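Asker: Taken in sequence, the protein lines are chains A and B.
Using the numbering used here, the final residue of the first sequence is 426, and nothing's skipped along the way.
Using the numbering used here, the final residue of the second sequence is 272, and nothing's skipped along the way.
Heads up, the beta-carbon is just placed ideally off N, CA and C, and yes, glycines get one too.
Owing to the predicted nature of the structure, the values given are computational and were not obtained by experimental measurement.
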Amino acid sequence: MMYDVIVVGAGPAGSAAAFKAAKMGARTLVVERGSEPGAKNVSGAMVRVEDLSLFDVKTLPAEREVKRVRLVLGGDLQVEIKPKERLVNVGRLKLDKWMASQAESAGALVITKTTALKVTPEGIITDRGPVSGKSIVLAEGANAILSIGSGLRRDLRPEETVQTVKEVYSLNKDEVNKRFGLTGDQEGIAVRYLFQDPVPGAGFLYTYRDSVAFGIGVHMSSLISHRIRPQDVLEEVKRSLGIQELVKGFSLREYSAKIIPENGFPSWRPCQGNVYLAGDALGLVNPITFNGIGPAVISGGLAGEHAVNGECHEYETSLLRDRIISQSVKVRPLVRELLNERVMRNYISMATNLSSSWVSGDLSMTPLKENSFTLLKHVLLLMGATS
Amino acid sequence: MRVEEKLYTLRYKRDEEPHLRIINPQQCLECEREYGQPQPCISVCPANVYSWNGEKLILSYENCVECGACRIACPFHNISWNYPRYGLGMSLRYG
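#1: Judging by CA-CA distance, which residue of A:376, A:364, A:295 is the nearest neighbour of residue 252 (chain A)?
#2: What does DSSP give as the partner residue(s) for residue 175 (chain A) in the beta ladder?
#3: Could you tell me the distance, in whole angstroms, from the CA atom of residue 222 (chain A) to the CA atom of residue 121 (chain A)?
#4: Suppose the cutoff is 6 Å on Cβ atoms and the five residues either side in sequence are ignored; what does the same chain contact list for residue 161 (chain A) look like?
#5: Is the separation between the beta-carbon of residue 193 (chain A) and that of residue 187 (chain A) shorter than 8 Å?
#6: Report the three-state DSSP secondary structure of residue 233 (chain B) (helix, strand or coil).
#7: May I ask you to list, following chain order, the residues of the segment 252-265 of chain B that have a beta carbon less than 9 Å from some beta carbon of chain A?
#8: Shorter than 8 Å from the beta carbon of residue 103 (chain A) to some beta carbon of chain B?
#9: Let me know the alpha helix (DSSP H) ranges lying completely inside the segment 182-214 of chain A, each 4 residues or longer, listed in chain order.
#10: So residue 177 (chain A) packs on residue 316 (chain A), CB below 8 Å; how close in whole Å?
#11: What span of residues does the beta strand (DSSP E) with residue 257 (chain A) cover, start to end?
#12: So, with DSSP's three-state summary, where would you put residue 40 (chain A)?
#13: What is the C-beta distance between residue 257 (chain B) and residue 78 (chain A), in whole angstroms, given that I count them as a contact (C-beta under 8 Å)?
#14: Which residues in chain A have a C-beta closer than 8 Å to the C-beta of residue 243 (chain B)? List them in chain order.
#15: Step through the CB atoms of chain A and report whether any lies within less than 8 Å of the CB of residue 220 (chain B).
#16: Is it the case that the Cβ atoms of residue 170 (chain B) and residue 209 (chain B) are separated by a distance below 8 Å?
#17: Taking residue 141 (chain A) as part of the alpha helix (DSSP H), name the residues at either end of that continuous run.
#18: Within 8 Å (strictly less), CB to CB, does residue 294 (chain A) reach chain B?
#19: Verify the CB distance criterion: does residue 195 (chain B) have a CB-CB separation below 8 Å to chain A?
#20: Just the C-alpha distance for residue 197 (chain A) and residue 238 (chain A), rounded to the nearest angstrom, thanks.
#21: List, in order along the chain, the chain B residues whose C-beta lies closer than 7 Å to that of residue 270 (chain A)?
#22: With 16 other CB atoms within 10 Å as the buried threshold, where does residue 45 (chain A) fall?
#23: By alpha-carbon positions, which one of A:371, A:349, A:95 ends up nearest to residue 310 (chain A)?
#24: Taking only the alpha-carbon atoms, compute the straight-line gap between residue 472 (chain A) and residue 255 (chain B) and give it to the nearest angstrom.
#25: Over the uninterrupted alpha helix (DSSP H) stretch that includes residue 74 (chain A), give me the two end residues.
#26: Using the beta-carbon of each residue, which ones in chain B are nearer than 7 Å to residue 152 (chain A)?
#27: Is the segment 258-266 of chain B close to the segment 274-288 of chain A, with three or more CB pairs under 8 Å?
#28: Closest by CA to residue 299 (chain A), which one among A:286, A:71, A:332, A:406?
#29: Could you check whether the segment 238-245 of chain B touches the segment 223-230 of chain B, counting it as contact only if at least three pairs of C-beta atoms, one from each stretch, sit closer than 8 Å?
#30: Checking 8 Å against the spacing of the C-beta atoms, do residue 145 (chain A) and residue 61 (chain A) come in under that value?
#31: Nearest to residue 192 (chain B) by CA position, among B:270, B:264, B:184, B:272, is which residue?
#32: In chain order, what residues of the same chain lie with their CB nearer than 8 Å to the CB of residue 391 (chain A), ignoring the 5 residues before and after it?
#33: Sorted by chain position, which residues of the same chain lie with C-beta nearer than 8 Å to residue 150 (chain A)'s C-beta, five sequence neighbours on each side aside?
#34: My guess is that residue 328 (chain A) and residue 254 (chain A) are in contact by the Cβ rule of under 8 Å, so how many angstroms apart are they, rounded?
#35: To the nearest angstrom, how far is the alpha carbon of residue 269 (chain A) from that of residue 230 (chain B)?
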């Protein structure tokens with residue numbers, strides 16, 4: 040059997056690619072290495088519903104609607120924002136299974152427990168044998184060994200990689216509602232933390248219906264230079280941010296880890312010949328907005344569409360034309376600056392100093408003045424990214 | 178809680194064939210001389226897959242959570258990383 044499109048990976052990018060290709064009438068095969076779609080996938084637990092509009096979002100398996108996004112700086116400064124757009128907390132296993140089932144309904148064949156080992160001119164070789172296909176979409180995620188092995192892109196370097204670890208704690212719905220001040224089982228919250236110790240990094244907390252996810256992301260270079268393990272950073276941050284109190288009595292249900300690529304397209308080409316990259320394999324996460332699933336679905340959809348007709352060049356231009364993807368790309372110079380340990384420490388202390396001095400009645404803007412040049416530079420970079 | 182206890186929350190199906198391999202064990206000695214302890218692969222691994230016994234690197238691939246960090250962290254590109262076969266390795270419920 041000769042497929043028109045073979046997709047490697049049934050995550051958001053892969054299922055979007057397969058959904059789109061199958062809808063266009065292409066014979067589409069998805070090869071997934073996990074025992075089911077999502078079994079190997081990790082992320083924060085929040086999506087912008089608009090980013091998923093390729094799929095039929097009426098049936099989206101949301102855990103809770105995010106009504107408040109809270110930002111916590113260094114433990115002292117807290118800001119709460121009501122999101123204007125629709126954000127939902129999701130569990131990745133349910134979300135990924137839902138996306139894959141939509142691709143199946145559109146006509147794609149999804150095969151699990153099968154690992155793609157190699158891309159060949161005729162298709163791919165899996166651990167169960169070869170499959171032939173005209174176009175290949177590699178949506179294999181951040182640990183993109185197939186894409187790297189095929190020479191489509193290089194490997195990540197420690198300075199452009201964030202290591203994350205995440206824990207999920209479970210308890211009944213009422214207790215989740217009570218501890219996070221939620222008014223019902225449908226309402227959810229997202230919290231983002233920025234911390235400095237033992238190494239600078241970002242944390243996140245999301246509410247599932249009957250559980251809570253907490254995790255951290257730290258720069259791989261910081262782990263190496265400080266000789267500290269991510270799990271030790273997680274424990275120390277949980278203590279200093281009071282997370283242990285927050286999840287007291289909850290039982291640990293899952294521990295997981297993921298690397299986040301902080302570089303990629305357009306310095307990596309999104310396709311070559313009949314092979315297309317999408318999602319994390321192409322490095323499309325926006326670390327400022329924490330959005331990885333959105334760019335994955337969008338790029339996957341575009342890859343699927345252009346893979347059907349063999350339009351490599353058109354795929355590249357369509358990526359650049361997309362607002363969400365071009366924003367992740369434009370924000371890169373700012374991210375490189377902010378990932379610098381000194382800069383990150385400086386910002387966190389500046390924001391907390393300013394707010395605590397304001398609270399105690401002092402209106403002096405000394406920290407701002409002292410950092411005005413850096414601030415201006417970063418504001419300009421941010422404006423460049425959002426223009 | 179120790180990481181080994183946290184890993185009990187995951188469902189593992191072990192692939193008898195290791196999906197991780199040290200390409201040249203001698204290189205790890207040089208890494209230890211240059212980077213000290215813990216070496217970069219040990220520092221970044223969230224599942225304590227790697228440990229140093231003073232002479233060589235011990236690899237417990239069956240603990241792996243499949244993030245791929247160690248391969249990137251190794252300054253000598255000395256880790257061969259393949260996916261576990263046939264859906265083996267770890268499986269998540271939340272993800």
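Answerer: Working from what's here:
#1: Your numbering for residue 252 (chain A) matches position 213 in the first sequence. Of the listed residues, the one whose Cα sits closest to residue 252 (chain A) is A:295.
#2: In the first sequence, the residue the question calls residue 175 (chain A) occupies position 136. According to DSSP, which records beta bridges pairwise, residue 175 (chain A) is partnered with A:45, A:314.
#3: Here the question's residue 222 (chain A) lines up with position 183 in the first sequence. Here the question's residue 121 (chain A) lines up with position 82 in the first sequence. Distance between the alpha carbons of residue 222 (chain A) and residue 121 (chain A) is about 15 Å.
#4: Here residue 161 (chain A) refers to the residue found at position 122 when the first sequence is read from its first residue. Counting only Cβ-Cβ distances below 6 Å, and skipping sequence neighbours, we find 171.
#5: Here the question's residue 193 (chain A) lines up with position 154 in the first sequence. Here the question's residue 187 (chain A) lines up with position 148 in the first sequence. Cβ distance < 8 Å, so residue 193 (chain A) and residue 187 (chain A) count as in contact.
#6: Mapped onto the second sequence, residue 233 (chain B) falls at position 56. It is coil, neither helix nor strand.
#7: Close to chain A, meaning a Cβ-Cβ distance shorter than 9 Å, are the following residues of the segment 252-265 of chain B: 252, 254, 258, 259, 260, 261, 262, 263, 264, 265.
#8: On the first sequence, position 64 is the one that residue 103 (chain A) refers to. Cβ-Cβ to chain B under 8 Å: no for residue 103 (chain A).
#9: 184-188
#10: Here residue 177 (chain A) refers to the residue found at position 138 when the first sequence is read from its first residue. Here residue 316 (chain A) refers to the residue found at position 277 when the first sequence is read from its first residue. Indeed, because the Cβ distance is near 5 Å, the residues count as touching under 8 Å.
#11: Walking along the first sequence from the start, residue 257 (chain A) turns up at place 218. Counting along the chain, the beta strand (DSSP E) containing residue 257 (chain A) begins and ends at 250-258.
#12: Numbered from its first residue, the first sequence carries residue 40 (chain A) at position 1. It is coil, neither helix nor strand.
#13: Taking the second sequence and counting its residues from 1, the one referred to as residue 257 (chain B) is at position 80. Taking the first sequence and counting its residues from 1, the one referred to as residue 78 (chain A) is at position 39. That belief does not hold up - the Cβ atoms of residue 257 (chain B) and residue 78 (chain A) are roughly 23 Å apart, past 8 Å.
#14: For the purposes of this step, residue 243 (chain B) is identified with residue 66 of the second sequence, where counting begins at 1. Within chain A, the residues near residue 243 (chain B) are 79, 182.
#15: On the second sequence, residue 220 (chain B) is found 43 positions in, with the first residue counted as 1. Answer yes: the Cβ-Cβ gap between residue 220 (chain B) and chain A drops below 8 Å somewhere.
#16: In this structure chain B extends from 178 to 272, so residue 170 (chain B) is not present and cannot be described.
#17: To locate residue 141 (chain A), count along the first sequence from 1; it is residue 102. 131-144 is the extent of the alpha helix (DSSP H) around residue 141 (chain A).
#18: Residue 294 (chain A) sits at position 255 when you count from the first residue of the first sequence. So, interface residue.
#19: Here residue 195 (chain B) corresponds to residue number 18 of the second sequence, with the count starting at 1. So, not an interface residue.
#20: To locate residue 197 (chain A), count along the first sequence from 1; it is residue 158. To locate residue 238 (chain A), count along the first sequence from 1; it is residue 199. Approximately 15 Å between the Cα atoms of the pair.
#21: Here residue 270 (chain A) corresponds to residue number 231 of the first sequence, with the count starting at 1. Within 7 Å Cβ-Cβ: 180, 223.
#22: For the purposes of this step, residue 45 (chain A) is taken as residue 6 along the first sequence, with counting starting at 1. So residue 45 (chain A) counts as buried.
#23: One-based indexing of the first sequence puts residue 310 (chain A) at position 271. Here the closest residue by C-alpha is A:349.
#24: In this structure chain A extends from 40 to 426, so residue 472 (chain A) is not present and cannot be described.
#25: On the first sequence, position 35 is the one that residue 74 (chain A) refers to. Where residue 74 (chain A) is concerned, there is no enclosing alpha helix (DSSP H), given that its DSSP letter is neither H nor E.
#26: Taking the first sequence and counting its residues from 1, the one referred to as residue 152 (chain A) is at position 113. Within 7 Å Cβ-Cβ: 263, 264.
#27: no
#28: Within the first sequence, the letter at position 260 stands for residue 299 (chain A). It is A:332.
#29: The count of Cβ pairs closer than 8 Å, one atom from the segment 238-245 of chain B and one from the segment 223-230 of chain B, reaches three, so the stretches are in contact.
#30: Along the first sequence, read from residue 1 onward, the residue named residue 145 (chain A) stands at position 106. Along the first sequence, read from residue 1 onward, the residue named residue 61 (chain A) stands at position 22. Contact: yes.
#31: Locating residue 192 (chain B) in the second sequence gives position 15, counting from the first residue. For the residues B:270, B:264, B:184, B:272, the minimum Cα distance to residue 192 (chain B) belongs to B:264.
#32: Stepping through the first sequence from its first residue, residue 391 (chain A) is reached at position 352. The beta carbon of residue 391 (chain A) is closer than 8 Å to those of 112, 113, 115, 116 in its chain, skipping five residues each way along the sequence.
#33: The residue you call residue 150 (chain A) lines up with position 111 of the first sequence. These residues qualify, in order along the chain: 68, 69, 70, 71.
#34: The residue you call residue 328 (chain A) lines up with position 289 of the first sequence. The residue you call residue 254 (chain A) lines up with position 215 of the first sequence. Contact flag wrong, Cβ pair sits at about 17 Å.
#35: On the first sequence, residue 269 (chain A) is found 230 positions in, with the first residue counted as 1. On the second sequence, residue 230 (chain B) is found 53 positions in, with the first residue counted as 1. So the alpha carbons of these two residues sit roughly 21 Å apart.
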